[in-house]
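In what follows, a single structure is set out as structure tokens and then discussed.
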Amino acid sequence: MTRSVFRFFSRQSSPVELAGDRLYLRMPKISDYRAWQKVRGESRAFLQPWEPKWRPDELSGSAYRARINRYEQEYEAGQSIALFIFERESDELLGGITIGLIRRGVAQSCMIGYWMGERHAGRGHMSRTLDLVIPHIFGPLELHRIEAACIADNTRSIRLLEKAGFQQEGFLRGYLKINGEWRDHVMYALLESDRNRNRKA
1 MTRSVFRFFS
11 RQSSPVELAG
21 DRLYLRMPKI
31 SDYRAWQKVR
41 GESRAFLQPW
51 EPKWRPDELS
61 GSAYRARINR
71 YEQEYEAGQS
81 IALFIFERES
91 DELLGGITIG
101 LIRRGVAQSC
111 MIGYWMGERH
121 AGRGHMSRTL
131 DLVIPHIFGP
141 LELHRIEAAC
151 IADNTRSIRL
161 LEKAGFQQEG
171 FLRGYLKING
181 EWRDHVMYAL
191 LESDRNRNRK
201 A
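Right under this line is the structure:
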């Protein structure tokens with residue numbers, strides 16, 4: 001086991017579960033497939049403009065199992081943590097968020113990405129999700145910096161990040177291939193010191 005993986009598990013020794021008043025977050029399971037297929041399938045037109053191009057078998061059981069295997073491998077390697085978002089009252093799957101590209105050493109940073117089912121969007125769920133995830137990143141994971149890149153005209157995501165205290169740092173040309181096209185992105189970041197200042201303000 002490498003030093004970086006050992007250090008990751010010294011902080012994160014069991015599956016991640018985060019709970020708030022209205023939501024709870026946990027790592028995905030194979031048994032979540034039907035719920036995931038439903039919310040993703042009914043939200044396809046809503047999600048596709050903001051995501052990598054969907055494969056023809058995107059919603060199949062085999063593709064989902066491969067996804068879960070990748071999540072588990074990346075978690076075990078200390079590279080990322082994928083979480084599904086559930087409503088506490090109904091146990092309904094609402095969306096997902098990933099703490100990815102975890103970098104240790106001199107960087108101590110990560111990148112977050114997220115999605116929300118169309119029926120559940122605009123109801124404050126992702127804002128509440130960030131309220132759970134951000135303290136976990138700066139707390140148990142002991143990271144210093146959170147980055148998030150969003151497509152330049154994704155005003156909903158920009159508002160979400162700014163509300164959470166993220167600051168715009170740059171404009172990235174042709175940064176990611178989204179829905180089959182290389183798209184410009186805006187880079188946002190939140191530092192642990194930003195969070196501490198916002199608490200004191």
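Reminder that position 9 of the sequence shown reads as 9 in the UniProt record's numbering, one-by-one numbering, no gaps.
Backbone N, C-alpha and C fix where the C-beta goes; we use that ideal spot for every residue, glycine too.
- In summary, Trp182 is exposed, with fewer than 16 beta-carbon neighbours lying within 10 Å of its beta-carbon over all protein chains present.
- Leu59 is positioned such that its CB atom lies no closer than 8 angstroms to that of Leu132.
- Residues of the same chain with a CB within less than 7 angstroms of the CB of Pro28, apart from the 5 flanking positions on each side, are Ile68, Tyr71, Ala82 and Phe84 in chain order.
- Scanning Ala77, Glu51, Tyr33 and Glu87 for the CA closest to the CA of Tyr114 turns up Glu51.
- A contact between stretches requires three or more CB pairs, one per stretch, nearer than 8 angstroms, and the segment 115 to 131 meets this requirement with the segment 84 to 94.
- A straight line joining the alpha-carbon of Asp21 with that of Ser127 spans about 13 angstroms.
- Exclusion of the five residues before and after Arg103 leaves Ser109 and Cys110 as the residues of its chain whose Cβ lies within less than 8 angstroms of its Cβ.
- For Gly100 against Ser80, the beta-carbon gap comes to about 4 angstroms, under 8 angstroms, which counts as contact.
- Closest option to Pro49, judged by alpha-carbon separation, among Gly180, Tyr188 and Leu191: Gly180.
- Distances from the alpha-carbon of Ala189 to those of Ile178, Gln167, Tyr175 and Arg195 put Gln167 closest.
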